[in-house]
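Reading through the structure tokens given below for one structure.
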Amino acid sequence: MLKDDVLGEAVVEINYDELIPNNVDLANDARLKKALERWQPKYLDWWNEAGPEETRDMDVYLRTAVGVDPKGWARFGHVKMPDYRWGILLAPKEEGRVIPFGKHKGEPVWQEVPGEYRALLRRLIVVQGDTEPASVEQQRYLSKTAPSLYDMRNLFQVNVEEGRHLWAMVYLLVKYFGRDGREEAEELLERRSAHEDKPRILGAFNEETPDWLAFFMFTFFTDRDGKMQLASLAQSGFDPLSRSCRFMLTEEAHHMFVGETGVGRVILRTCEAMKNAGITDANDIEAVRALDVIDLPTLQKRVNFHYGVTLDLFGSEVSTNGATAFNAGIKGRYRENKLEDDHVLTNDTYKVSRVVNSKIVEEEEPALNAINGRLLDDYIKDAGAGVGRWNTLIKKIGINFEITLPNKGFNRKIGEFSDDFITPEGDVINEELWTARQDEWLCTENDARYIQSLMKPCLEKGKYAGWIAAPRVGINKQHSDFEYVKID
Ligand code: BYC
Ligand code: FE
Ligand code: FE
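Using numbering that gives the first Met the number 0, read the sequence shown as starting at 0 and increasing by one per residue.
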């Protein structure tokens, strides 16, 4: 049994075979087991130091994955989070699988790291791994202001699963990369979101998640980058990476659900409150805020922010890194196996948007170089579908307002548009004008303060804070006053 050894005092026998649910035959891999036994206490230290604050004694109704079949990965029960069984689970091996794309297309997939791609693979696994604990750190303080026990539980479910995603990448590092893999695994626990000297690697993961609207937007927009990137890595010719990512995607679906329904419930509550008060003008911010709900224009500003920050996560639209990873058979495209082309792309082109003479135009680029740009466009379509479902909610209640995704050049720091100043409508303007107008598009301090003022915890069973609607159904079909988190 795992005991409280956070202070490094108690020396307790831990049965890792039982503690770490796995389908990688951990019991018979002495080297891997030893490496993980060294890493696991450090992971727990990290969880206690940087994970959800003051939650150690809470009993949380969580889903734990103990196997990869539907029965195995949907086990529910109340657990204390430090006792959560973070497992190492890979999707089942597909016999005869071949590399689906790139210059090795058709060759058998690699079960070991191909020497020539070692550095490239390690870098991608580290970048992927780095985002997982980063998001947990960003969400550290949110439980203090949870709008309900149901939402608090969903936050924790996302947190423990991001923790498991870190385990998934650490497994690959320590199993396949020897000493430097073990070093990377330790460094993944040392960097911290927004830390001055040792920040997380990618931009969005050093931003704040200061309130629950930000959390829902993050899980809708930024976890969706997770989905797209994992889907591309799931195509990898390095089979252990592919199998890891395929299983991670099953968990990602829940994160997406939390984001989409979270924002949806905010919208629903706002629209209902407006309707009840007889307010028809969604842009009458003062009147709507007087109802203690989040006005839709402010919600739109949050969409604008999270969208741009997340688009930056795709890297430069035109990228030799992207080309190299594709060519090498290491990172494919979204749904590569469903695409109908030669999967080699040496003779293809792809249209990339950029500013030419103060106008956004599309220009053909060699398809290989535009791999990142293509994934970005696939992401935009996927996110757009979710936004469409929000708009259906608004329409149904009869409020006249439409949430839109800004132009993809809006507020970008990475890639083709990083030097441009573009409005959400896609007009190219100058820096001065953009800066003068940014309060129309992005939350001001005043907006943020207003949202923060609503963030009062609501922890009574079956109750919800006034700015968010109750969910339609409970987790695992639980009844409406189910105690998702036992706090004392
Ligand atoms: N911030 O050729 P470039 C998730 C760096 S989210 C800072 O333009 P490349 C999750 C880049 O690293 C999914 N730096 O792009 C979600 C490179 O640096 P080096 C995470 C950035 O390399 C929610 C240089 O700029 N997974 O799972 O083709 C909660 C030039 O790069 C940024 C992955 O991203 C940025 N935004 O593509 C929890 C998959 N963008 O190497 C979890 C693995 C670029 O020259 N990673 N740079 O020092 C990748 O596939 C690629 O690394 C990227 C960048 C797509 C991120
Ligand atoms: Fe993740
Ligand atoms: Fe996620």
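The beta carbon of each residue, even a glycine, is placed where N, CA and C say it ideally should be.
*Got a sec: does ligand 1 put a non-hydrogen atom nearer than 8 Å to the Cβ of Gln234?*
As a first step, residue 234 must be located in the sequence shown, where it is residue number 235. Checking every heavy atom of ligand 1 against the Cβ of Gln234, none is found closer than 8 Å.
*Can you name the start and end residues of the beta strand (DSSP E) that Ile359 belongs to?*
Along the sequence shown, one-based indexing puts residue 359 at 360. Counting along the chain, the beta strand (DSSP E) containing Ile359 begins and ends at Lys358 to Pro365.
*Apart from the five residues on each side of it in sequence, which residues of its chain come closer than 6 Å, Cβ to Cβ, to Met151?*
The sequence position of residue 151 within the sequence shown is 152, counting from 1. Only Ser142, Ala145 and Val484 meet the Cβ criterion.
_For a test of your reading of the model: does the CB of Gln477 fall under 8 Å from any non-hydrogen atom of ligand 1? Yes or no._
For the purposes of this step, residue 477 is identified with residue 478 of the sequence shown, where counting begins at 1. Answer for Gln477: no, Cβ out of range of ligand 1.
*Under a three-way DSSP split, which group does Ile467 fall into?*
The sequence position of residue 467 within the sequence shown is 468, counting from 1. DSSP places Ile467 in coil when its eight states are reduced to three.
*asked:* Does the distance between the C-beta of Ser134 and the nearest non-hydrogen atom of ligand 5 fall short of 8 Å?
replied: Because ligand 5 does not appear in the structure shown, any question about it cannot be addressed here, the ligands present being ligand 1, ligand 2 and ligand 3.
*asked:* Please identify the residue among Glu106, Ile428 and Glu93 whose C-alpha is closest to the C-alpha of Asn356.
replied: Working through the sequence shown from its first residue, we reach residue 356 at position 357. Nearest option by C-alpha distance: Ile428.
*By DSSP, does Asn21 sit in helix, in strand, or in coil?*
Here residue 21 refers to the residue found at position 22 when the sequence shown is read from its first residue. Reduced to three states, the DSSP call for Asn21 is strand.
*Rounded to whole angstroms, what's the CA-CA distance from Pro470 to Thr221? Just pull it up for me.*
Mapped onto the sequence shown, residue 470 falls at position 471. Mapped onto the sequence shown, residue 221 falls at position 222. If I take the Cα positions, the gap works out to 22 Å.
*Taking three-plus beta-carbon pairs below 8 Å as touching, is the region 54-70 in contact with the region 102-109?*
no
*By the 10 Å Cβ neighbour count, where 16 or more other Cβ atoms means buried, how is His305 classified, buried or exposed?*
Locating residue 305 in the sequence shown gives position 306, where the first residue counts as 1. Buried: at least 16 other Cβ atoms inside 10 Å.
*From what residue to what residue does the beta strand (DSSP E) around Val59 run?*
Within the sequence shown, residue 59 is the residue found at index 60, counting from 1. Note, Val59: beta strand (DSSP E), Asp58 to Thr63.
*asked:* Run through the DSSP bridge pairs and tell me what Lys485 is partnered with.
replied: The residue you call residue 485 lines up with position 486 of the sequence shown. DSSP output for Lys485 lists Asp58 as bridge partner(s).
*asked:* So Arg466 and Ile293 are supposed to be a Cβ contact under 8 Å. How far apart are they, rounded?
replied: As a position in the sequence shown, residue 466 is number 467, starting the count at 1. As a position in the sequence shown, residue 293 is number 294, starting the count at 1. It is Trp, not Arg, that sits at residue 466 in the sequence shown. Confirmed, Cβ separation roughly 6 Å.
*Assuming Val159 contacts Thr218 (C-beta within less than 8 Å), just tell me the rounded distance between them.*
In the sequence shown, residue 159 corresponds to position 160, counting from 1. In the sequence shown, residue 218 corresponds to position 219, counting from 1. Contact flag wrong, Cβ pair sits at about 14 Å.
*asked:* For the region 264-280 against the region 112-130, do three or more pairs of beta-carbon atoms, one drawn from each stretch, fall closer than 8 Å, so that the two count as touching?
replied: Below 8 Å, too few C-beta pairs join the region 264-280 and the region 112-130 to call them touching: fewer than three.
*May I ask whether a heavy atom of ligand 3 can be found less than 8 Å away from the beta carbon of His103?*
Translated into positions along the sequence shown, residue 103 becomes position 104. His103: no, Cβ never under 8 Å from ligand 3.
*Sequence-distant residues of its chain with Cβ nearer than 6 Å to Thr130 (five each side left out)*: Residue mapping note: residue 130 aligns to position 131 of the sequence shown, counting from 1. So the qualifying residues of the chain are Phe204.
*asked:* Helix, strand or coil for His254? Go by DSSP, reduced to three states.
replied: Sequence index remark: in the sequence shown, residue 254 carries index 255 (1-based). Helix, per DSSP.
*Rank Asn22, Gly71, Gly372 and Leu188 by C-alpha distance to the C-alpha of Leu43 and give the top, closest one.*
If you number the sequence shown from 1, residue 43 lands on position 44. It is Leu188.
*Tell me, please, whether the CB atom of Thr260 is closer than 9 Å to any CB atom in chain C?*
Checking the listed chains, one finds no chain C in this structure; it contains a single protein chain.
*Taking the alpha-carbon positions, what's the Glu206 to Glu251 distance?*
Taking the sequence shown and counting its residues from 1, the one referred to as residue 206 is at position 207. Taking the sequence shown and counting its residues from 1, the one referred to as residue 251 is at position 252. The alpha-carbon atoms of Glu206 and Glu251 are separated by roughly 21 Å.
*Using 10 angstroms around the beta-carbon of Gly114, count the other beta-carbons present and answer buried if the total reaches 16, otherwise exposed.*
By 1-based counting over the sequence shown, the position of residue 114 is 115. Burial call: exposed.
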